[in-house]
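So the number in the numbering used here is just where the residue sits in the sequence shown, counting from 1, plus 39. Beta carbons are placed, not taken as given, at the ideal position from N, Cα and C, and that holds for glycine.
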Amino acid sequence: MSRRELVVLGTASQVPTRTRNHNGYVLFWDTEAVLFDPGEGTQRQMLHAGVSATDLTRIALTHLHGDHSLGLAGVVQRLSLDGVPHAVPVSYPASGEAWVRHLCDSTAFHHRERLVLQGLEADGPVPRVPGEVHGAATLRAARLDHTLEAFGYRLDEPDGRSLDPALLAAAGIGGPDVGRLLREGTLTTARGRVAVEDVSVPRPGQSVAFVMDTRLCDAVHDLARGVDLLVIESTFLDRDRALAEEHGHLTARQAAQVAADAGVRTLVLTHFSQRYTDPAEFEAEARAVFSGRLHVAADLDRVPVPRRRAVRDTPV
């Protein structure tokens, strides 16, 4: 059975607290597990969350501030120690390549990891690499507006079709013939020629967006549009909106308004400044503008990707 859920490893921003580790998020998506923004302490948080290095199929950095990247060194060494057999691409803003290389070779160890560094220079799909574990979904990146180069990410599953048991029975198709129909697209039966479209219904694809340090910009709205799950920074509360703008961040209200305008189904707020101690303030501020599923993230939370939309609910 496929697994689609977000595992939250850390939720602090620049400074970790007694209850919040630096950033870290693992998106499990069928055969894939993408580690986003491994901040300091990520390897230990993975242990607490039950995430192994072998699970990881890709690492994606939004930018090279330490709270989003210092844990890369430990994770890379763990990939080597555990002898992870598949290639693990690491995507990041190309301007941060020197820092990425330093982190990947920061101390002495036997390099057995199969990293593939992918510096991003423009918006668009993130290329697949030989030996990478992946499915049909597409990961793309879009440049954000922070105090240094940063990218947000979005994973999109293509629309497909689901076989309808009643339509299959009416067409007289069962057993091994079902597999043949899926492989070949059509099947000749005693009742005539049957196409997959004749015995199936549309299946909307699912999508997840990951938006970290940024001011409001077109890319934020584009990445969030219509997604099933939006993971987005809400470093500040709206009473400190001027500070958020100065330091290249969002407030909880801004993040929630993006989600409301974009038709997001489940909103995950994270990346909280240490100046705030009551998570309820973030929930109250977001609830003022967003009525969908809301999750104010805590370390080691698990957030499922919501069930697939019904066809009639699919955004145009």
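Relative to the alpha-carbon of glutamate 71, which residue among Ala234, Glu171 and Gly224 has its alpha-carbon at the smallest distance? Glu171
Inspect the beta-carbon positions of leucine 202 and serine 239 and report whether they are closer than 7 Å. Yes; because the gap between Cβ atoms is below 7 Å, this pair is in contact.
Taking 7 Å as the cut-off, decide whether the C-beta atoms of alanine 295 and valine 259 are in contact. No.
Ordered list of beta strand (DSSP E) runs contained in the stretch 175-236, each at least 3 residues: The stretch 175-236 contains, as complete beta strand (DSSP E) runs of 3+ residues, the segments 177-182, 190-195, 199-202, 225-228 and 231-234 (chain order).
Collapsed DSSP secondary structure at phenylalanine 67 in the structure displayed: When secondary structure is reduced to three states using DSSP, phenylalanine 67 falls in the strand class.
Where valine 355 and serine 52 are concerned, what is the direct C-alpha to C-alpha distance, given to the nearest angstrom? At valine 355, the pLDDT of 42 sits below 50, so the modelled position is not reliable and the matter cannot be decided from this model.
May I have the straight-line CA-CA distance separating glutamate 79 from proline 318, to the nearest angstrom? 22 Å
Which same chain residues end up closer than 6 Å to arginine 242 when comparing Cβ atoms and leaving out the 5 residues on each side of it in sequence? Gly199, Arg200 and Ser201
Could you please give me the residues that DSSP links to valine 240 through a beta bridge? Ser201
Between valine 139 and leucine 103, what straight-line distance do the alpha-carbon atoms span, to the nearest angstrom? 8 Å
Return helix, strand or coil for arginine 332, following the three-state DSSP convention. strand
Which class does glycine 49 belong to by DSSP, given the choice of helix, strand or coil? The answer is strand: DSSP assigns glycine 49 an E or B state.
Determine, using beta carbons only, whether alanine 298 and leucine 308 come nearer to each other than 7 Å. no
Are there 16 or more other CB atoms within 10 angstroms of the CB of threonine 101, so buried, or fewer, so exposed? buried
Does the distance from the C-beta atom of leucine 142 to that of glycine 191 stay below 7 Å? no
Integer-rounded CB distance, given that phenylalanine 249 should sit under 8 Å from phenylalanine 75: The C-beta distance from phenylalanine 75 to phenylalanine 249 rounds to 5 Å, short enough to meet the 8 Å contact threshold.
Looking at the secondary structure, which residues open and close the beta strand (DSSP E) in which leucine 289 lies? Here leucine 289 belongs to no beta strand (DSSP E), and DSSP marks it neither H nor E.
Find out if the Cβ-Cβ distance for the pair threonine 93, valine 73 is shorter than 7 Å. no
Rounded separation between valine 342 and tyrosine 64 - CA only: 11 Å
Let me check one thing: in DSSP terms, what residues is glutamate 305 bridge-paired to? Residue identity differs from the one stated: residue 305 is threonine in this sequence, not glutamate. The partner list for threonine 305 (beta bridge, DSSP) reads Leu268 and Arg332.
Start and end residues, beta strand (DSSP E) containing alanine 99: 97-99
What is the DSSP secondary structure of valine 297, counted as helix, strand or coil? helix
Please state the DSSP three-state secondary structure of phenylalanine 321. helix
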